[in-house]
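Right, one structure below, let's go through it.
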Amino acid sequence: MVDTTTMCRKHLLGEHVETHMILGTLKSGIRLDGYARNNLLELKSLKKRHDELATEMVRRGYNHQSPLDWKEEDTDSLFQTDEVKNSKVDKSLSLEELHTRCSECRNNHSS
Ligand SMILES: [Zn+2]
Ligand SMILES: [Zn+2]
Numbered sequence: 004m005v006d007t008t009t010m011c012r013k014h015l016l017g018e019h020v021e022t023h024m025i026l027g028t029l030k031s032g033i034r035l036d037g038y039a040r041n042n043l044l045e046l047k048s049l050k051k052r053h054d055e056l057a058t059e060m061v062r063r064g065y066n067h068q069s070p071l072d073w074k075e076e077d078t079d080s081l082f083q084t085d086e087v088k089n090s091k092v093d094k095s096l097s098l099e100e101l102h103t104r105c106s107e108c109r110n111n112h113s114s
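Right, here's the structure in full:
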């Protein structure tokens, strides 16, 4: 949920892979309630977030050949519970966490 232009390569690519994995998890029916409860997911924004990450990857000249296989009409059936559906990420917390873990992201962000 961090501004994609300030993320380092590793985290940009990492979060991109994550959006694909989350969708795969949803499709396979594995419950995600735990993540939703801990504010680690914002599924309503998953497609938008994937596209933001992919756009930034292409802008930097990285390879992106994996459109997210998410059809709008599937959305309701993919969300397993209301808790999962309405989950929200705490954006300032994610930013803080990323910057604690990664000096490259932190420097990009402040420059
Ligand atoms: Zn992708
Ligand atoms: Zn980073």
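All residue numbers for the sequence shown refer to our numbering, where the first residue is 4 and numbers rise by one.
Cβ atoms here follow ideal geometry from the backbone N, Cα and C, with glycine treated the same way.
Since the model is a prediction, treat every value here as computed from it, not as a measurement.
Cβ contact annotation for residue 38 (same chain, cutoff 7 Å, sequence separation greater than five): 44, in chain order. Here the distance from the Cβ of residue 48 to the nearest heavy atom of ligand 1 is not below 6 Å. Beyond the five residues adjoining it in sequence on each side, residue 8 comes within less than 7 Å, by CB distance, of 59 in the same chain, given in chain order.
The three-state secondary structure of residue 92, taken from DSSP, is coil. Put simply, the backbone Cα of residue 4 is about 11 Å away from that of residue 46. Your pair residue 71 and residue 26 checks out as a contact, with CB atoms roughly 6 Å apart and the cut at 8 Å. Relative to ligand 1, residue 39 has its C-beta separated by 6 Å or more from all heavy atoms.
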